[in-house]
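Each remark here refers to the structure printed beneath this line.
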Amino acid sequence: MQTDGGCSLVNPFTRATVELPNLATVWYHDPSNATSGLNPILYKTVVLSPLDSSPDSLVAVLILDDGHCSTVCICQPPIATVVSSARATWPLQVFDDVTFFNGKLHGLASCDKLFVFDIDSELSDPPKISSIKCIIGYGVGLQDLPQSESRAKVHIKKEYLVECCGRLLRVRRFLQSDHPGQAGRYLKHHRTVAFDVFEAGLSTNSHRWRKVNNLGGQVLFVGRHCSKSFPAVEYNRIQGDCIYFMCDYYPTLDPLRDSGMYNMRTGMITPLLSETVAVPQRHGGKWCPAWIFPADSM
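Just so you know, full-length UniProt numbering puts 45 at position 45 of the sequence shown, and the rest follows in order with no gaps.
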């Protein structure tokens, strides 16, 4: 994201660059946004295929604003000046995350709903979002906290969508305040205390969320800007059935604050770095860290 609102996707390893539309302008073109007095605060970009090998891949962008409303846009480079955008047609739906799964764009919304975006992709016309359908609206255990947590304490929840071994997973991250009574709305004093994982059951007529207790030896990296799964056996010092996370919800002087690994087998959280390791200083303004993956892992 540039200071003038221009947007581009850049591979940090190959420097391959794809220009995108001015997403802030796209957001403000929505009449309900232009008069709201709100501002976009998060842009998450997902691609249908790796841009290095498929430079004309479909690109989807989730835009969240400081009023907790969301807009989803799609475009197709190199003709990225025409953008189709949409909101959920259901009342009060806010998309927490989006990802491509089995060639279709899916969005995780409030109230445990999973949506699929129907995209018209004619050869002669730019792609556009034609409709949004709710395909999952419930599941067993969604109202429960992880076994280690008590309902007597206040929890805040962050959620992620990630594809793992042909399954679409919903990862729920639970935060608690280090300073009860001073929790505030900006999560300044919060830390991660637990995770749980649900699979989107899409293979039967009764679509619903199903809780899973392991990842089949896979490892998940979750974040607001990018989430991905890997086979743990392919990488040294990476443990299977674990979820790696970072502080992606509040920018602090310590960029690795509340970053660690959650073990689904034991329920234990291990810090990403030991307390004796010097904390790298943040540069370039107030930004939250994000995962970057090698090109051969994309």
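Just so you know, even glycine gets a beta-carbon here, dropped at the ideal spot from N, CA and C. As the structure is a computational prediction, the values presented were derived from the model and not from experiment.
Considering just the uninterrupted stretch of the beta strand (DSSP E) at residue i, what are its terminal residues?
i: S54; result: Neither: S54 is in no beta strand (DSSP E) and is coded neither H nor E.
i: A109; result: 104 to 109
i: L114; result: 113 to 120
i: D96; result: 95 to 101
i: T45; result: 40 to 47
Of the residues the options, which one's Cα is nearest the Cα of residue i?
i: D97; options: L272, R172, G201, G216; result: R172
i: I136; options: L114, K211, H155, G267; result: L114
i: T59; options: L105, A16, L38; result: For clarity, residue 59 is Val in the given sequence; the question names Thr instead. For the residues L105, A16, L38, the minimum Cα distance to V59 belongs to L105.
i: K44; options: I74, L38, A16, S57; result: I74
i: G166; options: K157, F101, D196, H155; result: F101
i: P231; options: G217, V222, I243, F221; result: G217
i: P222; options: E234, S177, C242; result: This sequence places Val at residue 222; Pro is not what is there. Closest by alpha carbon: C242.
i: F195; options: C226, R210, F245; result: F245
i: L51; options: Y235, T17, S130, G103; result: T17
i: T25; options: T270, D120, I63; result: I63
i: G240; options: Y250, N263, D254; result: N263
i: S229; options: S130, W291, H207, V162; result: V162
i: K211; options: Q143, Q176, N205; result: Q143
i: G267; options: L145, Y160, V10, K128; result: L145
i: L38; options: W27, L48, V47, I132; result: W27
Is residue i helix, strand or coil when you go by DSSP?
i: L20; result: strand
i: A194; result: strand
i: W209; result: strand
i: V26; result: helix
i: G6; result: coil
i: A290; result: coil
i: R15; result: coil
i: R172; result: strand
i: L161; result: strand
i: D66; result: coil
i: C226; result: coil
i: I156; result: strand
i: T71; result: strand
i: Q218; result: strand
i: K133; result: strand
i: Q147; result: coil
i: G201; result: strand
Let me confirm a value: residue i is counted as buried when at least 16 other C-beta atoms fall within 10 Å, else exposed. Which label applies?
i: Q147; result: exposed
i: T252; result: exposed
i: L108; result: buried
i: D248; result: buried
i: K158; result: buried
i: T14; result: exposed
i: S227; result: buried
i: F293; result: exposed
i: V197; result: buried
In the region 232 to 283, which residue ranges form an unbroken beta strand (DSSP E) of at least 3 residues, counting only runs that do not cross its ends?
-> 242 to 245, 260 to 263, 269 to 271
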